[in-house]
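Colleague:
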Amino acid sequence: MIEHLAKLPTGITGFDLVAMGGLPKGRLTIVSGSAGAAKTMFAVQYLVEGAIRYGQPGVMVTFEESPSDITRNVKSLGWDLEQLVAQRKLAFVDVSPHPDTEATVSGAYELGGLISRIRSAVTSIGAERVAMDSIHALFTQLDDPALVRREMLRIAHGLRDMGVTSVITAERPIDGGPVARYGVEEFVADNVVILRNQLEQEKRRRTVEVLKFRGSGHQKGEYPFTISAQRGIEVVPLSAIELKQHSTSVRITSGNADIDAMCGGGFFRDSIILVSGATGTGKTLITTHFLAGGAAAGERCLLLAFEESREQLFRNATGWGMDFERLEAEGRLKVICEYPEISSLEDRLLEIKSAITEYKPNRVAVDSLSALERVGSVKSFREFVIGLTSHIKHQEMAGLFTSTTPTLLGGDSVTENHISTLTDSIILLRYVEIFGEMRRGITMLKMRGSRHDKDIREFTIDGTGMHVGKPFRGISGILRGEPQHTRASELERLSDLFKEG
Amino acid sequence: MTDPLHLVLFVTGDSSTAAAAIINLRRLVELLGEDRCNVEIVDTQTSPEKADAARVMATPLLVRMSPPPRRRVIGDLSQFAKVATGLGLEAELSKFRREAQDGWPGRATAPPTAGDR
């Protein structure tokens, strides 16, 4: 039976969600990672956030880097440690190697002096947080691993007596190896957080995992994070964690009366709509309707475009009778156009979230998701899609995403495989070959929570946009990309099969 | 006449290592000549700021403050040879080396105390 220990929020963005509240309060957590995994940054950020965000002073015990080195290194993140020290929100206990402190060993010793210094620092500023970086450096400075392990246990007990919530960083030789060198996990294995920085398909991927918390809960598995100036480590939590996703039954226009009719009156306000089809089938057109319709209804609309240039998009819109320039000038439309490759998916997600926070749209369109698919690994992409859809739903906005099917007549797309369970509505666009002519078909494959048209209808495009017409009759296999014409007699036979008794 | 040897011994509380270090330090002072030495014993628990200034980590810690060279020895000081070299006092203590073996010359080894090990 798990008792529920109190948690101390770290203040590190996203981490407290993964840790379901924060670190176990009053305890020691080991933060382990291979070289370059951002362990020291985690430790420093833990103290900085504590001081600035929660008014909790912290003590930094440094075994490796000198306080002045650490201070200098984090200046670029906008953290002024000197100021925090002056304000008595931060204190250093400097145990870094120094020429003066080289010593010969004669006989037995223990680390009581260190414990005294830590206790004194904690008491003098009333610290509630302690970070120690890194245990590996302590082993390096002393020659007796068994002694260090024993003394670390004493230090852990000492910290607990002081009532502080502590982290200690530890190095693991390689990702996927033991938690830390020197068997450290034997004695301080109650709470373990692992930071990884792995090379995956030629891209670096940073993740954090709460391996275990004794006596309290946490999310399982790895979660990606980024490091940025001013905000340091930011963890990207995924949809599994964002619990408050209630849906509304309020309808909004798709911007096209025919499509509104097909889906029982319009999309739901906080829904995710996927529009899928081969190149040229009309996905951008539906996106354009979506944006123009929203703007006309007084909504703020955000377009994230990764396929076409701004000029092209605006020109297309004009060709369909919709004036994007005017909408932009009136502040009802914001367009962000970028090459997909310039950011990693994790950074991209943060940029998009930033743009949403800043502009506060009512609806968001992404054209296309497929363009972003090639930027990262399959895993990264799935996490990106989950993170984005979850964020949009959480804000109660409508999101429309386009996805390109790989072949002209149909087939599956990777994007669809990832996103289909997350979407509320799916619109499919297909070319239909009829007796040597390419016609176009549209169908509402899925519309969660509403009756919707089940036919595959023919549509046309002209200077005023999309017009949806009559359903295709006598043709099957359209969605599969192999339209086959059913003969009249066959149709009769089929309808007989389904005739009610 | 040479300057007095200024030594500071940092200990933590009254652990057995502290007690042993103090005994062994007394022996060192005896061998060097009491008028030669200036000894200070600092408890890190009661004077943590002095421990900070001296960057103390492990205790017991014996620091030779002056005259130079500045040297340090960690431990209960039970190994005579290590203390001698560690403090840069081999020359002055060399006459005792033959008796020394590894422990302190001229005394029976102290009985092992029940330690906190």
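Those protein sequence lines, which keep their order, are chains L and D.
First residue of the first sequence? That's 308 in the working numbering, and the numbers climb one at a time after it.
First residue of the second sequence? That's 183 in the working numbering, and the numbers climb one at a time after it.
A virtual CB, placed ideally from N, CA and C, is assigned to each residue, including glycine.
Everything numeric in this text was worked out from a predicted model, so none of it was measured.
1) Straight-line CA distance for L:Ile768 to L:Ala568?
2) Using a beta-carbon distance below 8 Å, is D:Val265 in contact with chain L?
3) For L:Ile309, name the three-state secondary structure that DSSP assigns.
4) To test your reading of the DSSP string, which unbroken alpha helix (DSSP H) runs of 4 or more residues are found completely within the stretch 347-395 of chain L?
5) Name, going along the chain, the residues of the stretch 405-421 of chain L whose beta-carbon falls closer than 8 Å to a beta-carbon of chain D.
6) May I ask you to list, following chain order, the residues of the stretch 212-238 of chain D that have a beta carbon less than 9 Å from some beta carbon of chain L?
7) Using 10 angstroms around the beta-carbon of L:Phe742, count the other beta-carbons present and answer buried if the total reaches 16, otherwise exposed.
8) Take every Cβ of the stretch 418-429 of chain L, pair it with every Cβ of the stretch 223-238 of chain D, and state whether three or more of those distances are shorter than 8 Å.
9) What is the DSSP secondary structure of L:Gly470, counted as helix, strand or coil?
10) If the cut is a Cβ gap below 8 Å, which residues of chain D does L:Val402 touch?
11) Are three or more beta carbon pairs between the stretch 499-516 of chain L and the stretch 356-376 of chain L nearer than 8 Å?
12) To the nearest whole angstrom, what separates the beta carbons of L:Asp440 and L:Thr408, a pair I think is in contact under 8 Å?
13) Which first and last residues belong to the alpha helix (DSSP H) in which L:Ala604 is found?
14) Closer than 8 Å, CB to CB, is L:Arg424 near chain D or not?
15) Would you kindly check if the distance between the Cβ of L:Gly419 and the Cβ of D:Val260 is under 8 Å?
16) Quick one: which unbroken beta strand (DSSP E) runs of 3-plus residues sit fully inside the stretch 706-785 of chain L? Chain order, please.
17) How big is the Cα-Cα spacing for L:Met459 and L:Ala672?
18) Using the Cα positions of L:Asn669 and L:Ser675, report the straight-line distance between them to the nearest angstrom.
19) With DSSP as the reference, please indicate the residues paired to L:Gln791 in a beta bridge.
20) Comparing C-alpha positions only, which one of L:Val429, L:Arg457 and L:Gly433 sits nearest to L:Ile442?
21) What did DSSP end up calling L:Arg670 once you bin it into helix, strand or coil?
22) Along the chain, which unbroken stretches of the beta strand (DSSP E) at least 3 residues long are found entirely within the stretch 194-238 of chain D?
23) Below 8 Å, can you find three or more Cβ-Cβ pairs linking the stretch 644-664 of chain L to the stretch 690-698 of chain L?
24) Which two residues bound the contiguous alpha helix (DSSP H) that contains L:Ile432?
25) Since L:Ala612 sits in a beta bridge, which residues does DSSP pair it with?
26) From L:Ser583 to L:Glu680, what does the alpha carbon distance come to, in whole angstroms?
27) Return the residue from the list L:Val366, L:Arg379, L:Pro713 and L:Ala410 that minimises the CA-CA distance to L:Gly433.
28) From L:Gln702, L:Glu637 and L:Leu421, pick the residue whose C-alpha is nearest to that of L:Thr664; which is it?
29) Would you please verify whether the beta carbon of L:Ser427 is less than 8 Å from any beta carbon of chain D?
30) Which one of L:Gly470, L:Leu786, L:Ala463 and L:Gly539 has the shortest CA to CA distance from L:Phe322?
31) Determine whether the Cβ of D:Phe192 lies closer than 8 Å to any Cβ atom of chain L.
32) Take L:Gly772 as the anchor and find which of L:Asp762, L:Ala599, L:Ser697 and L:Thr711 has the nearest alpha-carbon.
33) Measuring alpha carbon to alpha carbon, tell me which of L:Leu657, L:Arg639 and L:Phe708 ends up nearest L:Ile734.
34) Step through the CB atoms of chain L and report whether any lies within less than 8 Å of the CB of D:Ser197.
35) Does the structure place the stretch 390-399 of chain L close enough to the stretch 214-225 of chain D that three or more beta carbon pairs sit under 8 Å?
36) Check whether the Cβ atoms of L:Ile580 and L:Thr730 lie closer than 8 Å to each other.
Modeller: Quick answer:
1) On the first sequence, residue 768 of chain L is found 461 positions in, with the first residue counted as 1. On the first sequence, residue 568 of chain L is found 261 positions in, with the first residue counted as 1. Rounded to the nearest whole angstrom, the C-alpha separation of L:Ile768 and L:Ala568 is 17 Å.
2) For the purposes of this step, residue 265 of chain D is taken as the residue at position 83 of the second sequence. Residue-level contact by beta carbon holds for D:Val265 and chain L, with a gap shorter than 8 Å.
3) Against the first sequence, residue 309 of chain L aligns to sequence position 2. Because L:Ile309 sits at a pLDDT of 49, beneath the cut-off of 50, its placement in the model cannot be relied upon, and the point is left open.
4) Every alpha helix (DSSP H) stretch that sits fully inside the stretch 347-395 of chain L and reaches 4 residues is listed by chain position as 374-382 and 388-393.
5) Cβ proximity to chain D below 8 Å picks out His405, Asp407, Thr408, Glu409, Ala410, Thr411, Val412, Ser413, Gly414, Ala415, Tyr416, Glu417, Leu418, Gly419, Gly420 and Leu421 from the stretch 405-421 of chain L.
6) The residues in question are Asp225, Thr226, Gln227, Thr228, Ser229, Pro230, Glu231, Ala233, Asp234, Ala236, Arg237 and Val238.
7) Counted from its first residue, the first sequence places residue 742 of chain L at position 435. Exposed, by the Cβ-count rule.
8) They touch, by the three-pair rule.
9) Taking the first residue of the first sequence as position 1, residue 470 of chain L is located at position 163. Secondary structure of L:Gly470 (DSSP, three-state): coil.
10) As a first step, residue 402 of chain L must be located in the first sequence, where it is residue number 95. What L:Val402 touches in chain D: Arg237 and Met239.
11) Not touching, per the Cβ criterion.
12) As a first step, residue 440 of chain L must be located in the first sequence, where it is residue number 133. As a first step, residue 408 of chain L must be located in the first sequence, where it is residue number 101. Not a contact, Cβ separation roughly 17 Å.
13) Position 297 of the first sequence, counting from 1, holds the residue named residue 604 of chain L. Note, L:Ala604: premise wrong, no alpha helix (DSSP H); not H, not E.
14) As a first step, residue 424 of chain L is located in the first sequence; it is residue number 117 there, counting from the start. A Cβ of chain D is located within less than 8 Å of the beta carbon of L:Arg424.
15) Translated into positions along the second sequence, residue 260 of chain D becomes position 78. Translated into positions along the first sequence, residue 419 of chain L becomes position 112. The sequence given here places Ser at residue 260 of chain D; Val does not occur at that position. For D:Ser260 and L:Gly419, no; Cβs fall outside 8 Å.
16) Runs of the beta strand (DSSP E) inside the stretch 706-785 of chain L: 732-741, 744-754, 763-769 and 772-778.
17) The sequence position of residue 459 of chain L within the first sequence is 152, counting from 1. The sequence position of residue 672 of chain L within the first sequence is 365, counting from 1. Between L:Met459 and L:Ala672, the C-alpha separation is close to 54 Å.
18) Translated into the one-based positions of the first sequence, residue 669 of chain L becomes position 362. Translated into the one-based positions of the first sequence, residue 675 of chain L becomes position 368. Take the alpha-carbon of L:Asn669 and the one of L:Ser675: they are about 19 Å apart.
19) Sequence index remark: in the first sequence, residue 791 of chain L carries index 484 (1-based). Under the DSSP definition of a beta bridge, L:Gln791 partners with L:Ser783.
20) On the first sequence, position 135 is the one that residue 442 of chain L refers to. Ranked by Cα distance from L:Ile442, the first of L:Val429, L:Arg457 and L:Gly433 is L:Arg457.
21) Position 363 of the first sequence, counted from the first residue, corresponds to residue 670 of chain L. In the structure shown, the three-state DSSP call for L:Arg670 is strand.
22) Complete beta strand (DSSP E) runs here, min 3: 219-225.
23) These segments touch.
24) Residue 432 of chain L sits at position 125 when you count from the first residue of the first sequence. Start and end: Gly419 to Ile432.
25) For this step, residue 612 of chain L is matched to residue 305 along the first sequence. Partner(s): L:Cys644 and L:Asp674.
26) In the first sequence, residue 583 of chain L corresponds to position 276, counting from 1. In the first sequence, residue 680 of chain L corresponds to position 373, counting from 1. Straight through space, the alpha carbons of L:Glu680 and L:Ser583 are spaced by roughly 14 Å.
27) Taking the first residue of the first sequence as 1, we reach residue 433 of chain L at position 126. Closest option to L:Gly433, judged by alpha-carbon separation, among L:Val366, L:Arg379, L:Pro713 and L:Ala410: L:Val366.
28) Counting from 1 along the first sequence, the entry for residue 664 of chain L is found at position 357. For L:Thr664, the nearest C-alpha among the options comes from L:Gln702.
29) Counting from one through the first sequence, the residue named residue 427 of chain L turns up at place 120. Closer than 8 Å to some Cβ of chain D, the Cβ of L:Ser427 qualifies, so yes.
30) The residue given as residue 322 of chain L occupies position 15 in the first sequence. It is L:Gly539 whose Cα lies nearest to the Cα of L:Phe322.
31) Numbered from its first residue, the second sequence carries residue 192 of chain D at position 10. Taking Cβ atoms only, chain L reaches closer than 8 Å to D:Phe192, which makes this a yes.
32) Looking up residue 772 of chain L in the first sequence gives position 465. Ranking the options by Cα distance to L:Gly772, first place goes to L:Ala599.
33) For the purposes of this step, residue 734 of chain L is identified with residue 427 of the first sequence, where counting begins at 1. It is L:Phe708 whose Cα lies nearest to the Cα of L:Ile734.
34) Mapped onto the second sequence, residue 197 of chain D falls at position 15. Any Cβ of chain L closer than 8 Å to the Cβ of D:Ser197 would place that residue at the interface, and such an atom is present.
35) Cβ pair count under 8 Å is below three, so no.
36) To locate residue 580 of chain L, count along the first sequence from 1; it is residue 273. To locate residue 730 of chain L, count along the first sequence from 1; it is residue 423. A contact, by the Cβ cut-off of 8 Å.
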